[in-house]
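Working notes for the structure below.
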Amino acid sequence: PKPVVAVVGRPNVGKSTLVNRIAVTREAIVHESRGVTRDRSYHDADWNGRDFALIDTGGIESVKSTDIFAPHIREQALIACEEADVIVFVVDGSTGVTDEDEEVARIVRRQDKPVFLVVNKRDDPSTETDGLWDFYALGVGEPRPLSATHGHGTGDLLDEIVAAL
Ligand code: GDP
Ligand code: MG
2 PKPVVAVVGR
12 PNVGKSTLVN
22 RIAVTREAIV
32 HESRGVTRDR
42 SYHDADWNGR
52 DFALIDTGGI
62 ESVKSTDIFA
72 PHIREQALIA
82 CEEADVIVFV
92 VDGSTGVTDE
102 DEEVARIVRR
112 QDKPVFLVVN
122 KRDDPSTETD
132 GLWDFYALGV
142 GEPRPLSATH
152 GHGTGDLLDE
162 IVAAL
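Under full-length UniProt numbering, the sequence shown is numbered contiguously, ending at residue 166.
Here you go:
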């Protein structure tokens, strides 16, 4: 079977933008075998001839309410992390660390798998490393500045992902 890369993070950090940039298939294949699985989509991807599957989380239901955010994101992130061989944890590099990021970080840290911490929305390469230190506090390793919309940083990330598969 193809190795699986899960993309997790709180809503609005740019997970789907990143997945759509990396994936070959924009069409989501939604698995609905259990009630709780409906909020993940699966995409085919390859890099340097290496095939893998990408799981995007949080894309089917739009959950913005803080009341239900925590249990929802926890559950989706947990399922995706359990299915994954490699985890890509996306945070918003234009805002800084939030409680919701900490919530996801707790799940990610419990997995004994390679984790890549993506600090997204670093659109300007000249300032992309500003304030990166704050993201070390998530305890999941080195923060990697990236811009999912502009594309810079994605090639380096993919090199490291496929090396870890
Ligand atoms: P998701 O909820 O984590 O899947 O986030 P989305 O991919 O839907 O993106 C949320 C918003 O952030 C959208 O308006 C995107 O256009 C925007 N966004 C995503 N990536 C970037 C980026 O690298 N730079 C900037 N400036 N905006 C981004
Ligand atoms: Mg999304």
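Idealized CB from N, CA, C, for every residue including glycine.
Rounded separation between residue i and residue j - CA only
| i | j | result |
| --- | --- | --- |
| Gln77 | Ser127 | 35 Å |
| Val14 | Glu104 | 14 Å |
| Val141 | Glu129 | 19 Å |
| Ser34 | Asp102 | Bear in mind that the predicted position of Ser34 carries a pLDDT of just 48, short of 50, making it too unreliable to give a figure here. |
| Gln112 | Gly10 | 15 Å |
| Arg75 | Pro115 | 19 Å |
| Ala24 | Tyr137 | 28 Å |
| Ala149 | His44 | 16 Å |
| Ala54 | Phe117 | 16 Å |
| Asn21 | Ile108 | 24 Å |
| Glu83 | Asp124 | 31 Å |
| Ala81 | Trp48 | 21 Å |
| Pro144 | Asp135 | 9 Å |
| His153 | Ser95 | 15 Å |
Reduced DSSP category for residue i - H, G, I as helix; E, B as strand; rest coil
| i | result |
| --- | --- |
| Leu166 | coil |
| Ala46 | strand |
| Ala7 | strand |
| Arg75 | helix |
| Ala54 | strand |
| Val87 | strand |
| Asn21 | helix |
| Ala81 | helix |
| Glu33 | For Glu33, the pLDDT reaches just 49, beneath the cut-off of 50, and the residue's location in the model is therefore unreliable, although a value from the coordinates is still provided. Residue state, collapsed to three classes: coil. |
Buried or exposed by the 16-neighbour rule on C-beta atoms within 10 Å, applied to residue i
| i | result |
| --- | --- |
| Asp57 | buried |
| Gly50 | exposed |
| Ser42 | buried |
| Pro2 | exposed |
| Asp131 | exposed |
| Pro72 | exposed |
| Asp93 | buried |
| Asp157 | exposed |
| Ser17 | buried |
| Ala164 | exposed |
| Gly97 | exposed |
| Asp100 | exposed |
TODO: At 3 residues or longer, and completely inside the region 97-161: list those beta strand (DSSP E) runs for me, N to C.
DONE: 116-121 and 144-146
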